[in-house]
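What follows is one structure encoded as structure tokens, with my remarks underneath.
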Amino acid sequence: MAARQHTLSSSIASLHGDEQTVGQPLNKAEKIALGRTRVFGATGTVLMGIGALGAGARPVVQDPTFGVRLLNLPSRIQTVSLTMTTTGAVMMALAWLMLGRFALGKRRMSRGDLDRTLLLWVLPLLVAPPMYSKDVYSYLAQSQICRLGLDPYRVGPATGLGLGHVFTLSVPSLWRETPAPYGPLFLWVGRGISALTGENIVAAVLFHRLVVLLGVGLIVWATPRLARRCGVAEVSALWLGAANPLLIMHLVAGIHNEAPMLGLMLAGTEFALRGVDSARPLWPRPWPRARGQWADWAPLGMLLAGSVLIVLSSQIKLPSLLALGFVTMALAQRYGATVRSFLLAGTLMAGLSLAVMAAVGSASRLGFGWIFTLGTANVVRSWMSPPTLLALGTGQVGILLGLGDHTTAVLSLTRGIGVLIIAVMVAWLLMAVLRGRLHPVGGLGVALGGTVLLFPVVQPWYLLWAIIPLAAWATRPGFRVAVIVVTLVVGIFGPTANGDRFALFQIVDATVASTVIVLLLIAATYHRLPWRPLDEEEPKSDGAEQDPLPTGQTPQPAALPGAYAEYS
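When we follow my numbering, the leftmost residue of the sequence shown carries the number -11, and every step to the right adds one.
Below, the structure is given as structure tokens:
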């Protein structure tokens, strides 16, 4: 047993490697290639935004494009719109892949270069219709239920608002009768948005996208700081995490509340670990009286502020509360990893969590009803969830063998086993952090990764729960390759045409057309974009010694070595 634990510990630790070296700045040719890659990806997101006018998750009523000549055209040629959306998404994903050449090599782009690239790729999607999901309309309906003074944890959109309400009409039929599965903080914010926008769908959607952007901003702020704490290059972590196509496609374009959840969780983890890792004691004695002595209490303030942010993130979606467990173990480990320190840290954080949850529930007047609706999403049979996939496969085998359809019974069993494995795995990781064998950020990423894989329901954007914190900690090439493969496969093939109902022939036609267009684009830009690995050789500096030129001959610019010449 001890040998197995050691092997598991070694395999998890092997994900992390030292990356303390600071990359050199890009040379002129690489900057040109970076600029072209940035434009290529931005062109992709522009195509996504235009295609979303016909292939996006447009509202059933109050569609602002209805009756407008130019804007209404994509909805009349849906196959073309779907082709544009798919082509744009593939272009953006490929541009992200090429961008990795400037984030993982010996010479790296600056933080400003990456920030500008991410901003340029996101801008075209800010005014586009929601894409790949209609969840945002459920947000609007549940927020309106709160505004009317009803309990969103007891009634669904159809019961609370009526089937003919403008918000209910755009909610997928699967969710019209179900109560809200989200925490009170998110519904509280949604109620405020509903009070500002009334029943204006377009305005409400844009305000929810603003909330998402605030969450993305927190992710961009926290990820490089957590990476620096773990000895990982900031640009590498940002590229793999914050600039990930899944974030752009699903959190920004799809408008999912994972953005504020992850933003608050990561920012809270950074603040809390600042307090834990501070050289000053958390509880200085005696109580400071002089004005300058208040700085001695900064570590405790950081710890408490970060912990509060983590608890607030759990009031959007509960899984982010795992971060508080790893902060607790880091705190107990700092004070000796004894039973006493474990109990004190656990009591402190448990009390703080309950206090913050009670405050949010009381202020929002929603209480703790969210506890009873956590399993609402389990009605979805997600093929991306291994426990669910196993049950569905077993059920089909039983039907083929003439044993009857026992899918529901097997589903309860496999999902229960998955939850049990999650509990055991998280407990083991918490103990590894307590003993100092594992960094809290790494433990959080691995725990969320296991949770996502064994969760009863898995959506493409759930993968970001694990990808972003792991991007700030894990540096092994094998891990990065796995994330790249998963991102490309899920990002390109995962989204379904769920904005509108498309016929099978439309999906096939759009897929074939997008493939042909992308292949032609690769051929046309093969010598102008960094499709191939860049030459690592440094160009000759201006001050290098050169052979003297013959009399009367003017000096010519030095040729760029290797592949660089093709980007000039």
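Built from N, CA and C at the ideal position, the CB exists for glycine as well.
Suppose contacts are defined by Cβ-Cβ distances below 8 Å. Is L41 in contact with T53 by that definition?
As a position in the sequence shown, residue 41 is number 53, starting the count at 1. As a position in the sequence shown, residue 53 is number 65, starting the count at 1. Against a cut-off of 8 Å, the Cβ pair of T53 and L41 comes out as a contact.
By DSSP's criteria, R95 is part of a beta bridge. Which residues make up the other side?
Mapped onto the sequence shown, residue 95 falls at position 107. Partner(s): Q12.
Work out the CA separation of R104 and F174 for me, nearest whole Å.
Position 186 of the sequence shown, counted from the first residue, corresponds to residue 174. Position 116 of the sequence shown, counted from the first residue, corresponds to residue 104. C-alpha separation (whole angstroms): 29 Å.
As a quick exercise: from I472, L418 and P375, pick the residue whose alpha carbon is nearest that of M317.
Indexing the sequence shown from 1 puts residue 317 at position 329. Of the candidates I472, L418 and P375, the one whose C-alpha sits nearest the C-alpha of M317 is L418.
Could you give the distance in angstroms between the alpha-carbon of E18 and the alpha-carbon of P375?
Start at 1 with the first residue of the sequence shown, and residue 18 comes out as number 30. Start at 1 with the first residue of the sequence shown, and residue 375 comes out as number 387. For E18 and P375, the distance between alpha carbons rounds to 45 Å.
Just to confirm my understanding: we take V78, look at its own chain, exclude 5 residues before and 5 after, and list those with CB closer than 8 Å. What are they?
Position 90 of the sequence shown holds residue 78. G32, I480, S502 and V506.
DSSP three-state call for C218: helix, strand or coil?
In the sequence shown, residue 218 corresponds to position 230, counting from 1. Three-state result, C218: coil.
Looking at L292 and S564, is the spacing between their C-beta atoms short of 8 Å?
The chain is shown from -11 up to 556; residue 564 falls before or after that span and cannot be answered.
Just how far apart, CA to CA, sit P13 and L22?
Here residue 13 is taken as the residue at index 25 of the sequence shown, counted from 1. Here residue 22 is taken as the residue at index 34 of the sequence shown, counted from 1. Cα-Cα distance, rounded: 12 Å.
Flag this pair as yes or no: are the beta carbons of L162 and I456 separated by less than 8 Å?
Within the sequence shown, residue 162 is the residue found at index 174, counting from 1. Within the sequence shown, residue 456 is the residue found at index 468, counting from 1. Taking 8 Å as the Cβ cut-off, L162 and I456 do not qualify as a contacting pair.
From A129, P140, V143 and N245, pick the residue whose C-alpha is nearest to that of H153; which is it?
The residue labelled residue 153 in the question sits at position 165 within the sequence shown. Per the Cα distances, A129.
Where does V348 sit, in a helix, a strand or coil, going by DSSP?
The residue labelled residue 348 in the question sits at position 360 within the sequence shown. Residue state, collapsed to three classes: helix.
In or out: V220 buried (at least 16 other Cβ within 10 Å) or exposed?
Counting from one through the sequence shown, the residue named residue 220 turns up at place 232. By the neighbour-count rule (16 or more Cβ atoms within 10 Å), V220 is buried.
Mind checking which residues open and close the alpha helix (DSSP H) that includes V407?
Locating residue 407 in the sequence shown gives position 419, counting from the first residue. First-last of the alpha helix (DSSP H) with V407: T395 to L422.
So what does DSSP say about N60, is it helix, strand or coil?
Along the sequence shown, read from residue 1 onward, the residue named residue 60 stands at position 72. Three-state DSSP puts N60 in a helix.
Measure the CB-CB distance between G39 and T73 and report whether it falls below 8 Å.
For the purposes of this step, residue 39 is taken as the residue at position 51 of the sequence shown. For the purposes of this step, residue 73 is taken as the residue at position 85 of the sequence shown. Yes, Cβ-Cβ distance for G39 and T73 is below 8 Å.
Can you grab the Cα-Cα spacing for the pair L151 / I133, in whole Å?
Position 163 of the sequence shown holds residue 151. Position 145 of the sequence shown holds residue 133. If you take the alpha carbons of L151 and I133, they lie about 13 Å apart.
Tell me whether A411 is buried or exposed, calling it buried when 16 or more other Cβ atoms sit within 10 Å of its Cβ.
Taking the sequence shown and counting its residues from 1, one reaches residue 411 at position 423. Classification for A411: exposed.
Could you pull out every residue in the same chain whose Cβ sits closer than 8 Å to the Cβ of V204, ignoring the five residues on either side in sequence?
For the purposes of this step, residue 204 is taken as residue 216 along the sequence shown, with counting starting at 1. Taken in chain order, the residues that qualify are V110, A230, L235, L239, V240, A247 and G251.
So, Y141 versus G357, is the Cβ gap smaller than 8 Å?
On the sequence shown, residue 141 is found 153 positions in, with the first residue counted as 1. On the sequence shown, residue 357 is found 369 positions in, with the first residue counted as 1. Yes, these two residues count as a Cβ contact at 8 Å.
When DSSP labels each residue in this structure, what does L342 get in the three-state scheme?
Along the sequence shown, one-based indexing puts residue 342 at 354. Of the three classes helix, strand and coil, the one that applies to L342 here is helix, per DSSP.
Skipping 5 residues on each side, what residues in its chain have a beta carbon closer than 8 Å to that of M290?
Residue mapping note: residue 290 aligns to position 302 of the sequence shown, counting from 1. Cβ within range, chain order: F259, A260, R262, G263 and S266.
What does the Cβ neighbour count give for I359, buried or exposed, with the cut at 16 atoms within 10 Å?
Indexing the sequence shown from 1 puts residue 359 at position 371. Answer is exposed; the Cβ neighbour count stays below 16.
For A338, which residues in the same chain have their Cβ closer than 7 Å to its Cβ, ignoring the five residues on either side in sequence?
Position 350 of the sequence shown, counting from 1, holds the residue named residue 338. Once the five neighbours on either side are set aside, A338 has no close Cβ partner at all.
Within the stretch 186 to 230, ranges of the alpha helix (DSSP H) (whole runs, at least 4 residues):
189 to 217 and 222 to 228
Check whether the stretch 187 to 200 and the stretch 163 to 172 touch, using three or more Cβ-Cβ pairs below 8 Å as the test.
no
Tell me which residues share the same chain as V190 and place their Cβ nearer than 6 Å to its Cβ, disregarding the 5 neighbours each side in the sequence.
On the sequence shown, position 202 is the one that residue 190 refers to. Counting only Cβ-Cβ distances below 6 Å, and skipping sequence neighbours, we find P52.
Among G76, L85 and R46, which residue has its Cα nearest to the Cα of P518?
Position 530 of the sequence shown holds residue 518. The shortest Cα separation from P518 among G76, L85 and R46 belongs to L85.
How should T185 be labelled, buried or exposed, when 16 other C-beta atoms within 10 angstroms of its C-beta is the threshold for buried?
The residue labelled residue 185 in the question sits at position 197 within the sequence shown. Counting Cβ neighbours within 10 Å, T185 comes out buried, since at least 16 surround it.
Range of the contiguous alpha helix (DSSP H) that encloses G437:
Against the sequence shown, residue 437 aligns to sequence position 449. Looking at the DSSP string, the run of the alpha helix (DSSP H) that includes G437 is P428 to L442.
My output table needs one value for K528: the three-state DSSP class, helix, strand or coil.
Within the sequence shown, numbered from 1, the residue matching residue 528 stands at position 540. Legend: pLDDT at K528 = 46, less than 50; position of this residue unreliable, no value from coordinates given.
Tell me whether P465 is buried or exposed, calling it buried when 16 or more other Cβ atoms sit within 10 Å of its Cβ.
Reading the sequence shown from its first residue, position 477 is the one you call residue 465. With fewer than 16 Cβ atoms within 10 Å of its Cβ, P465 is classed as exposed.
Beta-carbon separation of L422 and G437 under 8 Å?
One-based indexing of the sequence shown puts residue 422 at position 434. One-based indexing of the sequence shown puts residue 437 at position 449. No, these two residues do not count as a Cβ contact at 8 Å.
A311 and A460 - do their beta-carbons sit closer together than 8 Å?
Within the sequence shown, the letter at position 472 stands for residue 460. Within the sequence shown, the letter at position 323 stands for residue 311. No.
Could you check the C-alpha separation between R468 and L228 for me, to the nearest Å?
To locate residue 468, count along the sequence shown from 1; it is residue 480. To locate residue 228, count along the sequence shown from 1; it is residue 240. Taking the straight line joining both Cα atoms gives about 8 Å.
Can you tell me which of P145, Q50, N15 and L35 puts its alpha carbon nearest to the alpha carbon of P112?
Residue mapping note: residue 112 aligns to position 124 of the sequence shown, counting from 1. Closest option to P112, Cα to Cα, is L35.
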